[in-house]
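Novice: Take a look at this one; I'll ask things after.
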Amino acid sequence: MADLSRLSLNTITVREQWTLAQCIEGCARHGIPGISPWRDKLAAYGLERATRHIRDAGLHVSGLCRGGMFTLPNAIEDNKRAIDEAAALGADCLVMVVGGLLPGSKDLARARGMVADGLAAVLPHARAAGVKLALEPLHPMTCADRAVLSTTAQALDLADALGDGVGVALDVYHIWWDPEIARSIARAGSRILGFHVSDWLVPTRDTALDRGMMGDGVIDIPDLRAQVEAAGYHGLIEVEIMSERDWWRRDPDEVLGVMKERFTSAV
45 MADLSRLSLN TITVREQWTL AQCIEGCARH GIPGISPWRD KLAAYGLERA TRHIRDAGLH
105 VSGLCRGGMF TLPNAIEDNK RAIDEAAALG ADCLVMVVGG LLPGSKDLAR ARGMVADGLA
165 AVLPHARAAG VKLALEPLHP MTCADRAVLS TTAQALDLAD ALGDGVGVAL DVYHIWWDPE
225 IARSIARAGS RILGFHVSDW LVPTRDTALD RGMMGDGVID IPDLRAQVEA AGYHGLIEVE
285 IMSERDWWRR DPDEVLGVMK ERFTSAV
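Numbering of the sequence shown is given in our numbering, commencing with residue 45 and proceeding in unit increments.
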C-alpha cells in the first residue's frame with residue numbers, strides 16, 4: 045500500500061471546485077491525513093465550524109495560508125487575526141507571503157523595510173499564541189506584487205534577525221531554480237516549517253496559475269525532498285497546485301486520486 049502518511053492537501057489545489065467543508069470530507073474519503081486551508085474559504089465556512097469539522101475528520105493542519113502582505117493597508121491587524129485563526133486550528137505554521145511593492149511605488153528597499161517592521165510588530169502576538177511564522181520565499185517574478193523575499197537565503201537572513209518563532213516554508217515551485225538552494229536548505233535546518241510541492245511546466249502559460257502536477261514538469265522534486273529531510277524536516281508535505289487551465293477544471297475526486305498516485309511516484 046502506498047505511504048500517504050505525510051501527504052497534505054493545500055486546499056487551493058481544488059479551490060474552484062470545492063468549499064472548505066468539501067475539502068475536509070474529500071481528505072477523509074481519500075485517506076489524506078493533512079490539510080492546509082486558505083483564509084478566504086475558512087472565513088466563508090466559519091472558524092469554529094471548520095475547526096470542529098477538521099478535528100472530527102481526524103485531519104492534521106499542516107499550515108494556514110496565508111498571512112503577510114505587509115505593504116497593504118491594515119496588515120498588522122489582519123495578521124494578528126490570521127495568527128489567532130492558526131492557533132485555533134492548531135496549524136503547524138502560518139505561511140507568510142510577505143507582500144510586494146507599495147501600490148504605485150518603485151521603492152524596493154522601502155517595501156522590504158515595511159515587511160521586516162511588520163513581522164516584528166506581529167511576532168510577539170504569534171509567540172504568545174504559540175504560532176510559528178513561516179516566511180515563504182517566492183520566485184523573483186512575483187517581487188513586484190506578492191513577495192519581496194525572493195530567495196531562501198534572504199528569508200533566512202530575515203528569520204535570523206527576528207529570532208525565535210520564525211522559520212521558512214519552502215515551495216519547490218519557487219525555489220527549484222536557485223543556484224544556492226542546497227546551501228540554503230542545509231542552513232535552514234530545523235527552521236524549515238513547511239514543504240510544498242507541485243511542478244514547473246514548460247512552457248508555463250501563466251506565472252501564477254499554471255502549476256503542474258508533480259511529475260509533469262522539470263523540477264527534481266525527490267532531490268529537494270531529500271535535501272529538506274537531510275536538514276531535519278519530517279513534517280507533512282503539502283500539494284499546492286494553482287491550475288486555471290487544467291486541474292481546476294477537473295473533477296476534484298480525480299484530482300485527489302492523481303495527487304495521491306504522484307505523491308508516491310514523483311515526490
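By construction, the Cβ of each residue, glycine as well, lies at the ideal position given by its N, Cα and C atoms.
(1) Between the C-alpha atoms of residue 110 and residue 143, what's the straight-line distance to the nearest angstrom?
(2) Please indicate yes or no: does the CB of residue 146 lie closer than 7 Å to some heavy atom of the ligand ZN?
(3) Nearest-angstrom Cα distance between residue 287 and residue 159?
(4) Let's test the definition: count the other Cβ atoms within 10 Å of the Cβ of residue 140 and tell me whether it reaches 16, buried, or not, exposed.
(5) Thinking C-beta only, is residue 79 closer than 8 Å to residue 103?
(6) Exposed or buried, which one is residue 185 when buried takes at least 16 other CB atoms within 10 Å?
(7) What does the alpha-carbon distance come out to for the pair residue 167 and residue 156?
(8) Roughly how far, in whole angstroms, is the beta-carbon of residue 138 from the beta-carbon of residue 178, given that I think they are within contact range, below 8 Å?
(9) I think residue 203 touches residue 211, with their Cβ atoms under 8 Å apart; what is that distance to the nearest whole Å?
(10) Whose C-alpha, out of 277, 296 and 308, is nearest the C-alpha of residue 106?
(11) My guess is that residue 229 and residue 181 are in contact by the Cβ rule of under 8 Å, so how many angstroms apart are they, rounded?
(12) In its own chain, which residues sit with a C-beta less than 8 Å from the C-beta of residue 248, not counting the 5 before and 5 after it?
(13) Below 8 Å between beta carbons: does that hold for residue 175 and residue 130?
(14) On the CB-based measure, 16 or more other CB atoms within 10 Å of its CB, does residue 308 come out buried or exposed?
(15) In the DSSP assignment, what residue or residues form a beta bridge with residue 218?
(16) Mind checking which residues open and close the alpha helix (DSSP H) that includes residue 307?
(17) Which residue's Cα is closest to the Cα of residue 90: 69, 64 and 100?
(18) Which of the three DSSP states, helix, strand or coil, is assigned to residue 166?
(19) To the nearest angstrom, report how far apart residue 172 and residue 127 are at their CA atoms.
(20) Looking only at its own chain, which residues have a Cβ that is under 7 Å from the Cβ of residue 55, when we skip the five neighbours before and after it?
(21) Check whether the Cβ atoms of residue 53 and residue 283 sit closer than 8 Å, and answer yes or no.
(22) Determine, using beta carbons only, whether residue 76 and residue 237 come nearer to each other than 8 Å.
(23) Going by the beta-carbon positions, is the gap between residue 244 and residue 259 smaller than 8 Å?
(24) Would you list, in sequence order, the uninterrupted alpha helix (DSSP H) runs of no fewer than 4 residues that lie entirely inside the region 119-183?
(25) Tell me whether residue 231 sits in a helix, a strand or coil according to DSSP, three-state version.
Specialist: Straight from the coordinates:
(1) Separation of residue 110 and residue 143 (C-alpha to C-alpha, rounded to the nearest whole angstrom) is 11 Å.
(2) For the structure depicted, the ligand ZN is absent and the ligand set is empty, with no information on it obtainable.
(3) Distance between the alpha carbons of residue 287 and residue 159 is about 28 Å.
(4) Answer is buried; the Cβ neighbour count reaches 16.
(5) Taking a C-beta distance under 8 Å as the contact criterion, residue 103 and residue 79 qualify as a contact pair.
(6) Residue 185 is classed as exposed because its beta carbon has fewer than 16 other beta carbons within 10 Å across all chains shown.
(7) Straight-line Cα distance between these residues: approximately 16 Å.
(8) Contact holds; Cβ gap of about 7 Å.
(9) The distance from the Cβ of residue 203 to that of residue 211 is about 6 Å, consistent with a contact at the 8 Å cut-off.
(10) It is 277.
(11) At roughly 12 Å, the Cβ-Cβ gap does not stay under 8 Å, so residue 229 and residue 181 are not in contact.
(12) Its chain contains 254 as the residues whose beta carbon lies nearer than 8 Å to that of residue 248, once the 5 sequence neighbours on both sides are disregarded; these appear in chain order.
(13) A contact, by the Cβ cut-off of 8 Å.
(14) Classification for residue 308: exposed.
(15) Partner residues in a beta bridge of residue 218, as assigned by DSSP, do not exist.
(16) Note, residue 307: alpha helix (DSSP H), 296-310.
(17) Checked all of 69, 64 and 100; the closest Cα to residue 90 is 64.
(18) Helix, per DSSP.
(19) So the alpha carbons of these two residues sit roughly 10 Å apart.
(20) Excluding residues within five positions, the ones whose Cβ falls inside 7 Å are 64, 67, 79, 80, 81, 82 and 85.
(21) Contact flag set, yes.
(22) Going by C-beta atoms, residue 76 is not nearer than 8 Å to residue 237.
(23) Not a contact, by the Cβ cut-off of 8 Å.
(24) Here the runs fully enclosed are 119-133 and 152-173.
(25) The answer is helix: DSSP assigns residue 231 an H, G or I state.
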